Every structure is written in C-alpha cells, then in structure tokens.
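What follows is one structure encoded as structure tokens, with my remarks underneath.
Chains as they are written, first to last, in the numbering used here: chain A, 1 to 114; chain B, 115 to 226.
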C-alpha cells in the first residue's frame with residue numbers, strides 16, 4: 001500500500017497570506033488527523049476528520065480550518081498567517097474503527113512564514 | 115484537557131545498554147498509549163503501543179509498561195544500537211478518538 005502523502009512539502013509565505021495544505025491518506029483509511037510540530041510546543045493536535053465531518057478539534061484559533069472529501073483526502077487551511085504559524089504540519093491517517101487505531105504519518109509540509 | 119509529561123528530554127547511553135523513557139498522563143479516562151520514533155528529517159513512526167487493559171507489552175528489544183493507578187507508562191529499549199538514536203514521543207488518547215496528546219519528546223543518543 002502507498003503511504004500517506006502530503007503536498008506541497010515546502011511552502012514559504014508572508015504574514016497575512018493564507019495557505020492550503022493537502023493530505024492523501026492510505027487507501028481504505030477513513031480518518032485524517034492534522035498535527036502541528038514546532039521545536040517549542042512539540043506535536044499538537046489540530047483536528048480530525050472522519051467521513052467528511054470534523055470529529056475532534058484541538059485548541060487552535062479559528063484561522064485554522066480543514067475539510068475532508070468523499071475520497072478521504074483532506075485539506076487544511078490557515079488564513080491570515082502569523083510568524084508563529086511557521087512549523088511542520090503533519091497529517092496522519094488511520095482506519096478508525098471502534099478503538100483508537102494506529103496513526104500513520106505523512107512526511108509533513110514545512111511552512112515558513114516571513 | 116489531557117496533559118502528557120515526558121522525561122527525560124535528552125538521554126545518552128552506551129551502545130548495548132538499556133534506555134528507559136517515562137511519561138505521565140493526567141486524564142484517567144485515557145486508554146491508548148502509543149510510542150513514536152522520529153528520526154531527523156523523517157516522519158514519526160509507531161514503534162509500540164499499549165491499551166489500558168494490558169500492563170505490559172513487548173516486541174523484541176522494545177517493551178512498554180503501563181501503571182494505570184499511578185497514571186504513568188514507560189518505554190524500555192534493551193541492547194541499544196546506533197540506529198536507535200532518534201527522538202521518541204509518547205502519547206495518550208481516550209474513548210476510541212483519533213486525537214493523540216503527545217509528550218514533549220526525548221532525544222535519545224546511542225554512543226558507540
């Protein structure tokens with residue numbers, strides 16, 4: 001099976017712009033979760049999508065949003081970018097049955113905000 | 115909400131020795147505890163996980179123990195090898211959710 005893929009791998013934006021990141025899960029996986037990784041805050045959960053619905057949400061401002069399509073692919077959007085949004089954004093997919101399942105991570109999108 | 119504390123933040127051991135990383139969690143409802151390994155510039159990868167109905171799980175040189183009463187769990191790596199050098203993250207989740215709360219990570223260095 002192909003692994004989780006993310007595009008683009010690198011992005012450079014300026015403050016105030018918006019950005020859209022994409023994640024393609026492993027075939028058959030229905031859940032996609034997004035995480036922000038920074039040296040100072042570590043790995044922080046942003047949100048999870050399952051069957052095109054946001055099922056869980058972390059403690060991030062409303063500038064961070066996402067969606068999931070019928071083929072389970074997911075996008076994440078950050079509006080009005082701030083310097084502090086510079087981070088590695090990781091998505092993870094899982095089958096998501098009744099129990100918490102192993103999450104498989106993508107390679108991440110490195111976002112730099114100037 | 116859930117909080118996961120991980121110690122130590124850095125750990126250096128001689129090749130062949132054992133390494134132990136400890137995590138504590140705050141939410142007694144947490145029932146799934148995975149450990150991820152992240153090598154430099156790479157994605158996190160699951161190395162072992164444990165559910166709350168089990169006290170210990172082992173996979174070759176890696177083992178995880180869980181103490182629900184004390185709300186802590188530990189990763190044990192025996193006979194360490196240079197390729198074990200990486201950052202290790204513990205995490206916790208509850209209620210079948212796919213939301214993982216991560217510890218701050220431990221940078222493990224294996225000295226040859």
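A virtual CB, placed ideally from N, CA and C, is assigned to each residue, including glycine. Keep in mind that this is a model prediction, so the values were computed, not measured.
Which residues in chain B have a C-beta closer than 8 angstroms to the C-beta of residue 33 of chain A? List them in chain order. 212, 213, 214
Using the rule of at least 16 other Cβ atoms within 10 Å of the residue's Cβ for burial, across every protein chain shown, is residue 106 of chain A buried or exposed? buried
Who are the Cβ neighbours of residue 67 of chain A in its own chain at under 6 angstroms, not counting the five residues just before and after it? 75
Kindly list the residues whose CB is nearer than 6 angstroms to the CB of residue 55 of chain A, restricted to its own chain and excluding five residues on each side of it in sequence; keep chain order. 48
Here's the rule: buried if 16 or more other CB atoms are within 10 angstroms of the residue's CB, otherwise exposed. What is residue 122 of chain B? exposed
Status (buried if at least 16 other CB within 10 Å, exposed otherwise) for residue 173 of chain B: exposed
Let me check understanding here. Comparing Cα to Cα, which of A:112, A:28, A:42 lies closest to residue 83 of chain A? A:112
Residue 152 of chain B and residue 203 of chain B closer than 8 angstroms at C-beta: yes
For residue 220 of chain B, does the count of other Cβ atoms within 10 angstroms reach 16, so buried, or fall short, so exposed? buried
Would you kindly work out how many angstroms separate the C-alpha atoms of residue 26 of chain A and residue 140 of chain B, rounded to a whole number? 32 angstroms
According to DSSP, which residues form a beta bridge with residue 106 of chain A? Residue 106 of chain A pairs with nothing; no bridge assigned.
Tell me which same chain residues have a C-beta within less than 6 angstroms of the C-beta of residue 135 of chain B, skipping the five on either side of it? 189, 202, 220
Using a 10 Å radius around the Cβ and a threshold of 16 neighbouring Cβ atoms, would you call residue 15 of chain A buried or exposed? exposed
Which residues bound the beta strand (DSSP E) around residue 165 of chain B? 159-165
When you check each C-beta in the segment 119-138 of chain B against every C-beta of chain A, which residues fall closer than 7 angstroms? none
What in chain B is Cβ-close to residue 60 of chain A, meaning under 8 angstroms? Per Cβ cutoff of 8 angstroms: no residues; residue 60 of chain A is ~13 angstroms from chain B at best.
Residue 103 of chain A versus chain B: which residues are under 7 angstroms apart at the beta carbon? 212, 214
Please compile the residues from chain A whose C-beta is within a distance smaller than 7 angstroms of the C-beta of residue 187 of chain B. None at all; the shortest Cβ gap to chain A is about 15 angstroms.
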